[in-house]
């Protein structure tokens, strides 16, 4: 990153204004056959769609929370964000600039339909102009999206095409260095996809295969992809095939990349009620990685050693997402409710060539199974059936015949202690004007974890906890990863979910020291975190 300083002088040579603009250099290129190139390197866009909220913070999101979110997504291999479906804050883009994440900057969700219809005629041209002028110096922005899932895409006449051309020409007049895109839904007219430089396909991977044959010069990427199930037909997206849609991207060079819907749980769009938001993302609203997200480690970081065990079973109390957007229930625990020997499905996501499993039997505590080859299964996920017996399930991963990794599922004891861990242990004072440039390291997130006597997380017990603060510490919110909460977002008390709770705090303008005091059901004395 670099900076350019622009000075404004009056007629007497005196500086009367100054603007500092950060910027950077990079080269991007899209090819109809080979996909995407960054600085001359052919690579896949491994993207996630994001809404601009953060749980109890609403959309008043501090910079350090965005940094935490981007860092978390990058860890599993994500290299791009699609802003869905509106321009993000400029602070967000600055963070993406400095952390090396690409951005698809999007102007609209719908044009002359839905909630934007009353505003389109008077505001659309100015709105998209404002977005381009404001964001065009951000090197992280690699694509301008002029709209998402537009009803005009279905029109047989040229109304939609002409509207798209209007907006596209505005973008090109302000910045012709980046490609434009429109994100298209099921059933869109072919001619609608001929206006912009790129065509985004929402959940239409099979149609992309056919369209590449019909339109070999069309440049394509997946602007929305299901998190787990694939569709198999061009015009019907719901087939519930247990094979991740990323496989279409991996196996076809011409598909530049994909954006998962969505990366992190968000408020609104209940999926379904009583969830207060979208709840089937790789990361929950506290930014805890779901076991289901294990798919992305071997898919997006195949060069890194990875092995993760979990159980797929309907006994887990997890909010089920809407229809084709859901995951099967999974958890990385062996504390199952069964007292008989029924079989459950154990899954092992891995980059290893093979894995061998050991599981408890009546007379043999560690009976080995025959090793399984990862290549015999889809999605880098070995699936086996094991009796749900007390004890320990162990998986050892092999590469080139050598054991390199292991993971296990074991039974845990009852809750015996509570662990509090903060991502920021030292806070600075909040600036009195609350300006973002002065509000650094003023926010901390504390994860509360229920553990047994050995310090292992007990996920299947639930305890109510209540939070209070003293000194210069302000409580911003109390959360869990369960979007089906009944309490207000301003509550100070909740039940843990899969052994965890989440506490957001902030220092005040007066002081940055104080205590977070947590009262947990079943314990006489509170647990205290000092700042």
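In my numbering, the protein residues as written are 1388 to 1918. By construction, the Cβ of each residue, glycine as well, lies at the ideal position given by its N, Cα and C atoms. If you're wondering where the values come from, they're calculated on a predicted model, not measured in any experiment.
- The beta carbons of residue 1607 and residue 1595 sit closer together than 7 Å.
- Counted as a single uninterrupted DSSP element, the stretch harbouring residue 1535 is not any alpha helix (DSSP H) but the beta strand (DSSP E) occupying residues 1528-1535.
- The secondary-structure analysis by DSSP pairs residue 1665 across a beta bridge with 1653.
- In this structure, residue 1854 sits near residue 1890, with a CB-CB distance shorter than 7 Å.
- Distance from the CA of residue 1531 to the CA of residue 1409, rounded to the nearest whole angstrom, comes to 19 Å.
- When the Cα atoms are used, residue 1556 and residue 1796 turn out to be separated by approximately 57 Å.
- Excluding sequence positions up to five before and after residue 1597, its CB lies within less than 8 Å of the CB of 1621, all in the same chain and listed in chain order.
- Around the beta carbon of residue 1767, 16 or more other beta carbons sit within 10 angstroms, so the residue counts as buried.
- Pairing residue 1402 with residue 1392, the inter-Cα distance amounts to about 12 Å.
- A residue is called buried once 16 or more other Cβ atoms fall within 10 Å of its Cβ, and residue 1748, having fewer, is exposed.
- Ranked by Cα distance from residue 1541, the first of 1733, 1570, 1434 and 1884 is 1570.
- Of the candidates 1726, 1590, 1562 and 1565, 1590 places its Cα closest to the Cα of residue 1573.
- Residue 1746 and residue 1438 have their C-alpha atoms roughly 42 Å apart.
- Residue 1463 and residue 1395 have their alpha carbons spaced roughly 45 Å apart.
- With contacts defined by Cβ atoms closer than 7 Å, residue 1526 and residue 1644 do not form a contacting pair.
- According to the DSSP secondary-structure assignment, residue 1480 is paired through a beta bridge with no residue.
- Residue 1575 holds the alpha-carbon nearest to the alpha-carbon of residue 1548 among 1524, 1616, 1575 and 1516.
- Residue 1673 is not a Cβ neighbour of residue 1451, given a cutoff of 7 Å.
- Rounded to the nearest whole angstrom, the CA to CA distance from residue 1500 to residue 1507 is 9 Å.
- For residue 1875, the closest of 1420, 1442 and 1404 by C-alpha to C-alpha distance is 1442.
- Contact between residue 1431 and residue 1423 holds, since their C-beta atoms are separated by about 7 Å, short of 8 Å.
- By the Cβ test, the region 1751-1762 is not in contact with the region 1797-1804, since fewer than three Cβ pairs between them sit closer than 8 Å.
- The three-state reading of DSSP puts residue 1629 in coil, since its state is none of H, G, I, E or B.
- One Cα belongs to residue 1901, the other to residue 1917, and the distance between them is close to 6 Å.
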